[in-house]
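One structure below.
Residue numbers (the working numbering), protein chains in the order written: chain A, 107 to 471; chain B, 107 to 471.
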């Protein structure tokens, strides 16, 4: 079940993670280069399935926190995230047996790999978001009873805090976000310390391999001159996500975007190639809802990603601009992300949307 | 040298601490009631001089953090500050042998007494500010090389953070202030863990006894129908502060006040009783500078306090209002607060004032 990532894998993984980032999570590029650097230094990235963990092993979630726009301006050196892990280990009086991604989308697909490589521990094939989300209480770990506390947060100077909010993960987000802003808009965190048994119960399994698969699918479609969008749909069938399809195609005709409360928030308008319809996408770091002429066609937590209409490369929220020709791709979420408790935590209402959640595979049908 | 505080002492201490609060630091009343409650529960408040500490004993500074205006609205129960101490002790793996006030003015004159009483440790007769100041790097502890790190900060829910910024106490203020704001505008902190030897080297000694003396002086002047202002001047001669006098008397004719970045900031105008002169006082939680018709008559770190013209009771920044008849009392600071390093940290420039510091006892003479 376990396997070791190669340098070539990292490119596919970055592509897949950008797709699963649903427009947010930050460009995986910076993270990929830092993993490559670690590999060049002789470090290895070993991937293990949740089932390979012993029940009493200690697993810690690793991530960057902050607005993707800021992360692009304040580039990490690869050691901050390791330091964050070490601070939490020191606080707990115990070293981690493995790290697990907080989210499988965007830059945070790579950060745990840097940590795993540098700290010489395996990375778990799974995560707590199954995509990218803007806030750290939006993790299945918390949905199913794990506390984010204690959380370590560090900045580029090595300054740090250990935050404890008991079982209140919303409060943790509030405090950690406040420090992230005061740390200059991005920071590194180590959070949700848990046992192997807890990982098996609460993590979304297989998402690192999923990102790798989706990235590889896009690369091979390009190499083989086949339809990348159909290839994605085909590849998803045998994954826990099962279903994905092109929701819309057209040209970006308007983008509103700003930094609000530390998030990259706004909306994009896409006019169909035949100019007969318009899709509006609202984002808060990630794409949250897609409407065609006012009718919802995809809604969070299901995934909505803009892909370049020609290359099928994922386009982040930060990179969306007037004139881009895109196809909007939707992906259904696995069952663990669709329970009432999960939807309470990261469903539409959690983002201030009044529309009810509807499964992508049946919406409007 | 050591002595035990009585309930009666607390009233004098509160009066003296309000005076040393120089308009800020929060009303000591709430704190006094919490110390009285602890005493009623059988707890004792033992005061020891810095010299009574063993060189290798652990001393921790205890305080509330936040805007006085908010503290008045979010009243503590007396256990939050103890919890903050305990969090830091737990982090250090060692219990404190004594607590020391962060500041001797305002509410924070009382908070360490609550902690000392409940934790059954003595409180050191001294502090790190020699008055009240708005920011936590403004302590002689830091001026003379002690790090505020690690610092524990807790809210009323028991949620907490342990912050570490190495030797950068300005950064500590920045992070802790950010969390204080997200904790609702006030929080409890335990900070500047240090040895007995370090206390002896860096603390402003005798300030708890000073506050007690000044409060007792005002009470006795009232009981004996003598001039309270002259009594204060006389009492100060034999203290490390040596010098104090009435700087101005008149009626408050204008007050501008707001909450800016978590501080109560603004200015007050006082017209002399004969209407011939006007004093302007600028405050940022505490009174920072007093000018009479544009001429500086007192400037931080020397103390500037408004006293009721009739009762000589101290008036906090929050309570200053149009029509109050006041006398403005200035007090010189001890030498440890007047070194170049000290003035760099909490002299005029630290508050954005362009005027140079001048000793109160010689200013304008």
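In this text, a Cβ means the ideal position worked out from N, Cα and C, and glycines have one as well.
Kindly list, in the order they appear in chain B, the residues whose Cβ is closer than 8 Å to that of residue i.
i              : result
residue 284(A) : 284, 285, 287 and 288
Under 7 Å Cβ-Cβ, which residues of chain A neighbour residue i?
i              : result
residue 266(B) : 270
residue 280(B) : 288
Which first and last residues belong to the beta strand (DSSP E) in which residue i is found?
i              : result
residue 307(A) : Here residue 307(A) belongs to no beta strand (DSSP E); instead the alpha helix (DSSP H) covers 302-308.
residue 362(B) : 350-366
residue 259(B) : 257-260
residue 207(B) : 204-207
residue 267(B) : 266-270
List the endpoints of the continuous alpha helix (DSSP H) containing residue i.
i              : result
residue 389(A) : Residue 389(A) -> not in any alpha helix (DSSP H); beta strand (DSSP E) instead, spanning 384-390.
residue 278(A) : 275-288
residue 155(B) : Note, residue 155(B): premise wrong, no alpha helix (DSSP H); not H, not E.
residue 315(A) : 313-330
residue 187(B) : 186-198
residue 144(B) : 134-146
List the residues of chain A that residue i touches, going by C-beta distances under 8 Å, in chain order.
i              : result
residue 274(B) : 263 and 265
According to DSSP, which residues form a beta bridge with residue i?
i              : result
residue 170(B) : 294(B)
residue 435(B) : 352(B) and 411(B)
residue 343(A) : Paired residue(s): none; residue 343(A) is not in a bridge.
residue 252(A) : None; residue 252(A) has no bridge partner.
residue 162(B) : BP columns for residue 162(B) are empty, so no partner.
residue 447(B) : Residue 447(B) is not bridged to any residue.
residue 467(A) : Paired residue(s): none; residue 467(A) is not in a bridge.
residue 110(A) : 152(A)
So which residues on chain B does residue i lean against when the C-beta distance must stay under 7 Å?
i              : result
residue 277(A) : 265
Within the present structure, is the beta-carbon of residue i separated from the nearest heavy atom of the ligand SAH by less than 6 Å?
i              : result
residue 356(B) : The ligand SAH is absent from the structure shown, which contains no ligand whatsoever.
Can you confirm whether residue i, when its beta carbon is compared against all beta carbons of chain C, has any partner nearer than 7 Å?
i              : result
residue 257(B) : No chain C appears in this structure, whose protein chains are A and B.
ask   = Just by C-beta distance, which residues in the segment 183-213 of chain A are closer than 7 Å to chain B?
value = none
Start-end ranges of the alpha helix (DSSP H) lying completely within the segment 213-244 of chain A, minimum 4 residues = 217-225
task = May I ask you to list, following chain order, the residues of the segment 356-386 of chain A that have a beta carbon less than 8 Å from some beta carbon of chain B?
result = none
request  = Entirely within the segment 369-428 of chain B and at least 4 residues each: give me those alpha helix (DSSP H) ranges in chain order.
outcome  = none
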